[in-house]
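Enquirer: After the structure tokens below, expect a handful of questions from me.
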Amino acid sequence: MRDARILTVLTSLRRQEVVEFFHPLIATAVYRSIPPGVRVAMHGMAAQALVDDGFGAAAAARHLLEMHPEGDPWVVQQLRQAARDSFSAGAPDAARRYLARALREPPDAEYRAEVLFELGSANLLHDPATTINQLRAALEEPKADQELREAITYRLAQAMAHTGQLAEAAGLLSDEAKLATSSRTRLRMQAEQFKWNSVRMDEANSPARSRLLAQFAKRLTGRGVPERHILGLRAWDAAMRGEPAATALEYAEQALDGGMNWTDQDFGFEVPAVVAVTLMYCDQPGRAEELFNAGIMEFESKGWRGAHLSFVYTLLGYVRFRRGRLAEAEDFVRNGLQIAERVGHDIPAQWYAVGTLIETLLARGSTEEALRVAHAYKLAEGFPQAVVYPDPQAVWGKLLLAQGRIDEAKQHLSAAGKRLDLRGTRNPSWSPWQLDLALAQIAKEPEQARATAAEAVARARVFGTSSAIGHALRVSAATLDASRATGLLQEAVNHLEQSPAACELAHALIDHGTALHTIGDPHRAAQQLYRGMEAASACGASGLVSRARSQLASAGLRPRRLHASEQDTLTLAEHAAATRASVGLDNAAIAAELRTDAQAVSELLSAVFTKLGTDRLGLRRAMEG
């Protein structure tokens with residue numbers, strides 16, 4: 004048969020001779036010639052032989068899949084082990100196939116809840132709706148012990164939340180917490196309730212939940228994962244409510260002390276994600292990117308390419324948006340949206356991606372494309388019942404404002420603001436609805452616009468980050484005449500130069516240059532407009548670039564040719580200034596050492612903060628990295 008080229012002999016890794024068919028077509032023809040009943044029996048014999056020879060359950064599983072279900076406990080055991088091996092090796096699709104087959108065997112009644120739980124857990128990444136059905140069935144099994152019931156509850160609540168059923172998730176946890184006999188279990192259940200209630204738009208009393216969370220966090224030291232998750236949720240809640248950024252950062256650092264695992268199925272990826280988002284809002288986007296990149300690496304290594312990866316790509320895009328890297332932000336968010344669409348429609352992952360994509364397109368000056376995205380995903384036809392950042396209704400109001408539909412914009416921005424204020428979400432860095440509303444009010448309600456902007460400035464000063472204060476001051480200046488606006492815009496520029504918010508700095512520089520030109524200071528106006536145009540070009544904000552060019556042309560100045568620069572590499576001068584700033588020297592002292600002036604140092608450090616994704620507070624750590 005070897006001479007006839009039907010069989011061939013190979014040497015295996017164990018230096019044993021293995022007989023195989025010479026060509027796959029011959030193997031297929033022989034395989035199909037075997038009567039079905041005999042073939043099924045031979046698959047069973049092959050599976051048993053592979054396990055007996057030590058090749059493991061994963062090698063035997065391909066044969067077990069071909070067998071007829073007969074209620075054999077050995078088959079169920081091998082398929083479950085094969086699923087665990089596949090999941091650990093980054094092959095969740097194979098794990099789902101093995102567990103679905105194990106369920107059809109079927110397993111003994113005492114193991115049915117476990118198999119349903121394992122199958123639902125494997126489906127969570129790609130099909131959370133199916134997961135809900137499987138985990139509900141597991142929870143209804145009479146043979147599920149208390150420890151298994153708790154694990155099923157956590158996973159079922161996560162699946163519900165990922166399909167937008169946030170109230171149901173919180174209610175499930177509340178009901179199961181009443182049955183818990185262990186204080187550690189009740190703490191864990193409380194942490195999970197905090198997590199899902201914090202993103203419920205219909206939460207009855209959000210401020211009360213925040214107060215309870217604050218009381219919990221004060222007593223915790225971060226000894227275990229449940230405690231660190233509560234501390235992480237406290238950090239995020241502090242940022243959303245607009246408490247001082249130092250408070251949010253303190254809790255975020257406590258949560259990160261000891262590490263956080265993005266692929267821990269028992270605890271989920273959500274808290275590591277919101278801790279990273281907290282760092283971003285606190286002007287530490289470089290650190291946020293480090294965390295998100297670590298999450299992506301963990302997901303990819305385990306083959307997790309479902310809603311988890313969608314969220315992280317979208318949020319990483321949002322970080323890039325906040326840093327002013329708009330082209331990169333758009334790429335990341337579009338990837339996140341593409342993954343979300345494979346999982347389902349009208350789910351939180353999709354809402355996050357759509358809102359962030361529209362924000363990014365508006366910042367780039369692509370209003371028509373942003374409108375097409377909004378219509379394609381029916382943004383205005385019904386807003387989600389989950390807290391999503393950026394807030395979808397506020398994003399829709401901002402898009403209407405960009406189109407000049409002022410009255411509609413005011414209506415939606417006011418509604419979004421009222422809803423967020425009732426929840427205690429008062430940070431203009433989290434949702435700048437007040438700033439957009441002030442811009443919409445300028446034409447017909449100038450006094451109200453000034454009052455709205457002033458309130459946003461006050462909230463930004465409480466939070467205390469340079470990016471939040473600078474943004475609020477820039478918009479507040481737009482409600483004033485040029486002579487009064489100039490001082491506010493100079494203050495806005497000063498703050499934004501101390502932040503990593505490159506695009507917002509470009510906007511403030513161009514506004515400042517425009518105001519200076521209006522009051523008759525052409526020399527300083529040209530300086531700010533040139534700087535703003537360069538910064539806007541580096542961000543990919545073509546709308547701002549065009550505006551700066553128009554202002555320069557109206558002032559009789561020729562816009563100089565834009566030049567590209569490395570976005571992450573510090574120049575020698577920037578490195579010298581950053582090194583001195585990282586050890587606590589102020590701008591005047593740095594200027595003296597570098598033999599330059601304080602304004603030049605401010606501009607050097609502004610480039611440093613932009614490139615490294617940090618403010619002055621995080622500069623030492625960023626330089627060490």
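Residue numbers (the working numbering): 4 to 628. Even for Gly, the Cβ is constructed at its ideal location relative to N, Cα and C.
1) Could you round the C-beta distance between A105 and L68 to whole angstroms and report it? I think they count as a contact, below 8 Å.
2) Under 8 Å by Cβ, that's how I've got G309 and L128 pegged, so tell me the actual separation to the nearest angstrom.
3) If you count every other CB in all the chains shown that lies within 10 Å of the CB of G630, and 16 or more means buried, which is it?
4) In the structure shown, what three-state DSSP assignment does R203 receive?
5) Mind the definition here: the segment 355–371 touches the segment 539–547 only if three or more C-beta pairs lie below 8 Å; say whether that holds.
6) With a CB to CB cut of under 6 Å and the five nearest residues on each side skipped, what residues in its chain are close to A456?
7) For E23, which beta-bridge partners are listed by DSSP?
8) With distance defined between alpha-carbon atoms, name the residue in F197, H232, K401 nearest to D267.
9) May I ask you to report which of helix, strand or coil DSSP gives W77?
10) Can A488 and A518 be called in contact, C-beta distance under 8 Å?
11) Measure from the alpha carbon of S417 to the alpha carbon of each residue in Y392, A495, A443, G427, then state which is nearest.
12) Between the Cα of S322 and those of H311, M283, R345, Q353, spot the shortest distance and give me the residue it belongs to.
13) What are the boundary residues of the alpha helix (DSSP H) that includes G123?
14) Given a cut-off of 8 Å on the beta-carbon distance, is the pair A594 and A603 in contact?
15) If you follow the alpha helix (DSSP H) that S369 is part of, which residue opens it and which one closes it?
16) Rank T184, R598, Q161 by C-alpha distance to the C-alpha of G175 and give the top, closest one.
17) Using only the alpha-carbon positions, how far apart do W399 and A377 sit?
18) Straight-line CA distance for L182 to D394?
19) Suppose only complete runs of 4+ residues qualify. What are the alpha helix (DSSP H) ranges in the segment 316–387, listed by chain order?
20) At which residues does the alpha helix (DSSP H) containing R237 begin and terminate?
21) Let me confirm a value: Q19 is counted as buried when at least 16 other C-beta atoms fall within 10 Å, else exposed. Which label applies?
22) Entirely within the segment 420–507 and at least 3 residues each: give me those beta strand (DSSP E) ranges in chain order.
23) Going by alpha carbons, who is nearest to D439 out of A454, E179, L425?
24) Can you check which of these residues, K146, G535, E372, is closest to L402 by C-alpha distance?
25) Closest to G167 by CA distance: which of T572, M204, M536 is it?
26) Output the boundary residues of the alpha helix (DSSP H) element that contains G289.
27) Mind checking whether M263 and V274 have CB atoms under 8 Å apart?
28) Under three-state DSSP, which class holds M536?
29) Please say whether G427 and R244 have beta carbons closer to each other than 8 Å?
30) For a quick check, are the C-beta atoms of D618 and S469 less than 8 Å apart?
31) For the alpha helix (DSSP H) holding E150, just list the boundary residues, first then last.
32) State the start and end residues of the unbroken alpha helix (DSSP H) segment that holds Q168.
33) Are the beta-carbon atoms belonging to H474 and P449 less than 8 Å from one another?
34) According to DSSP, is Y392 part of a helix, a strand, or is it coil?
35) Taking the alpha-carbon positions, what's the S290 to Q196 distance?
Expert: The short version:
1) Within the sequence shown, residue 105 is the residue found at index 102, counting from 1. Within the sequence shown, residue 68 is the residue found at index 65, counting from 1. With a Cβ gap of about 10 Å, A105 and L68 do not count as contacting.
2) Here the question's residue 309 lines up with position 306 in the sequence shown. Here the question's residue 128 lines up with position 125 in the sequence shown. Their Cβ separation, rounded to whole angstroms, is 3 Å, which keeps G309 and L128 in contact under 8 Å.
3) This structure cannot speak to residue 630, because the chain is shown only from 4 to 628.
4) Reading the sequence shown from its first residue, position 200 is the one you call residue 203. It is a strand residue.
5) yes
6) In the sequence shown, counting from the first residue as 1, residue 456 sits at position 453. Excluding sequence neighbours, A456 sits near A441, V478, S479, T482.
7) Sequence index remark: in the sequence shown, residue 23 carries index 20 (1-based). E23 pairs with T11.
8) Locating residue 267 in the sequence shown gives position 264, where the first residue counts as 1. Closest by alpha carbon: H232.
9) In the sequence shown, residue 77 corresponds to position 74, counting from 1. Helix.
10) Sequence index remark: in the sequence shown, residue 488 carries index 485 (1-based). Sequence index remark: in the sequence shown, residue 518 carries index 515 (1-based). Yes, the Cβ-Cβ distance between A488 and A518 is below 8 Å.
11) The residue you call residue 417 lines up with position 414 of the sequence shown. Out of Y392, A495, A443, G427, A443 has the C-alpha closest to the C-alpha of S417.
12) Against the sequence shown, residue 322 aligns to sequence position 319. Residue identity check: residue 322 is Val in the sequence provided, not Ser. Closest option to V322, Cα to Cα, is M283.
13) Against the sequence shown, residue 123 aligns to sequence position 120. Element bounds for G123: 112–126.
14) Start at 1 with the first residue of the sequence shown, and residue 594 comes out as number 591. Start at 1 with the first residue of the sequence shown, and residue 603 comes out as number 600. Going by C-beta atoms, A594 is nearer than 8 Å to A603.
15) Taking the sequence shown and counting its residues from 1, the one referred to as residue 369 is at position 366. S369 -> no alpha helix (DSSP H), and no H or E assigned at all.
16) As a working note, residue 175 is residue 172 in the sequence shown. The sequence as given places Leu at residue 175; Gly does not occur at that position. Ranking T184, R598, Q161 by Cα distance to L175 puts Q161 first.
17) Counting from 1 along the sequence shown, the entry for residue 399 is found at position 396. Counting from 1 along the sequence shown, the entry for residue 377 is found at position 374. Each residue's Cα considered, the two are about 8 Å apart.
18) Sequence index remark: in the sequence shown, residue 182 carries index 179 (1-based). Sequence index remark: in the sequence shown, residue 394 carries index 391 (1-based). So the two alpha carbons sit approximately 36 Å from each other.
19) 329–346, 351–367, 370–379
20) Translated into positions along the sequence shown, residue 237 becomes position 234. Per DSSP, R237 belongs to the alpha helix (DSSP H) from 228–244.
21) Here residue 19 is taken as the residue at index 16 of the sequence shown, counted from 1. Exposed, because fewer than 16 other Cβ atoms sit within 10 Å of the Cβ of Q19.
22) none
23) The sequence position of residue 439 within the sequence shown is 436, counting from 1. Nearest option by C-alpha distance: A454.
24) Here the question's residue 402 lines up with position 399 in the sequence shown. Of K146, G535, E372, the residue nearest in Cα terms is E372.
25) Along the sequence shown, read from residue 1 onward, the residue named residue 167 stands at position 164. When only C-alpha atoms are compared, the closest one is M204.
26) Within the sequence shown, residue 289 is the residue found at index 286, counting from 1. Start and end: 288–304.
27) By one-based count along the sequence shown, residue 263 stands at place 260. By one-based count along the sequence shown, residue 274 stands at place 271. A contact, by the Cβ cut-off of 8 Å.
28) In the sequence shown, residue 536 corresponds to position 533, counting from 1. Helix, per DSSP.
29) Against the sequence shown, residue 244 aligns to sequence position 241. Against the sequence shown, residue 427 aligns to sequence position 424. Their beta carbons are under 8 Å apart, which means R244 touches G427 by this criterion.
30) Mapped onto the sequence shown, residue 618 falls at position 615. Mapped onto the sequence shown, residue 469 falls at position 466. Yes, the pair counts as a contact, with Cβ atoms nearer than the cut-off.
31) By 1-based counting over the sequence shown, the position of residue 150 is 147. That run of the alpha helix (DSSP H) goes 149–165.
32) Taking the first residue of the sequence shown as 1, we reach residue 168 at position 165. No alpha helix (DSSP H) holds Q168; DSSP gives it neither H nor E.
33) Along the sequence shown, one-based indexing puts residue 474 at 471. Along the sequence shown, one-based indexing puts residue 449 at 446. In this structure, P449 does not lie closer than 8 Å to H474 by Cβ.
34) Here residue 392 corresponds to residue number 389 of the sequence shown, with the count starting at 1. In this structure, Y392 counts as coil in the three-state DSSP scheme.
35) For this step, residue 290 is matched to residue 287 along the sequence shown. For this step, residue 196 is matched to residue 193 along the sequence shown. For the record, residue 290 in the displayed sequence is Arg; it is not Ser. The straight-line gap from Cα to Cα measures roughly 27 Å.
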